[in-house]
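Since the structure comes first, as structure tokens, the remarks are kept for the end.
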Amino acid sequence: MNTAPDPTPWLNTDTCALGPYRADLVEPYWRWEQDPALPVGYGRQHPEPLEARTEGMAHQLRGDSIRFTVYDLTTGDPVPAGVATPLPDSSVRTAEYVVMLAPEARGRGLGAVCDEILMDTPASEFTGPSAIRA
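Final position of the sequence shown in the working numbering is 136; the numbers increase by one with none missing.
Structure representation (structure tokens):
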């Protein structure tokens, strides 16, 4: 798991990219998750404190979950714009995924392009926490 600042995207198109899930971005991730439209989707009734989110992220970084930072490439430089989480179920050889975009990144097609990246990448490429097999 890469926790150092590294905006280098691993999988990308001209407008959107997936890169490492980064500990240094816990505050933007937390801010995006506090958008009133998102807690309902996560099944939460109340906002989560930043301290709890920071602790939760520490567990995610140590665990087996696969998470990516979604980058907006429309301005030229990679700008963190959300999180994508593939959820593979190897026992039945299927997967689902969740894409959370920052409120300011919505409505510009990034979610659709992120879907394409996730759907076009074979599940065998997702290994370990937030890693892409080269």
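Backbone N, C-alpha and C fix where the C-beta goes; we use that ideal spot for every residue, glycine too. In this text the structure is predicted, and so the values were computed from the model without any measurement.
Counting only the Cα atoms, R95 lies some 32 Å from T56. Between L112 and E98, the CB-CB gap reaches or exceeds 7 Å.
Nearest in C-alpha terms to W34, of all of M102, L63 and L13, is M102. The DSSP assignment places 70 to 74 as complete runs of the beta strand (DSSP E) inside the stretch 57 to 88, in order along the chain (cut-off: 3 residues). Of E50, D122 and S67, the smallest CA-CA separation from P22 is found for S67.
In the three-state scheme derived from DSSP, where H, G and I count as helix and E and B as strand, D16 is classed as coil.
By the 16-neighbour rule on beta-carbons within 10 angstroms, V100 is exposed.
The continuous stretches of alpha helix (DSSP H) do not include L103, which lies in the beta strand (DSSP E) extending over residues T96 to L103.
Of the residues E29, T77 and L75, the one whose Cα lies closest to the Cα of P51 is E29.
If you compare the alpha carbons of Q36, D122 and Y73 with that of A107, the shortest gap goes to Y73. For G113, the secondary structure class from DSSP, reduced to helix, strand or coil, is helix.
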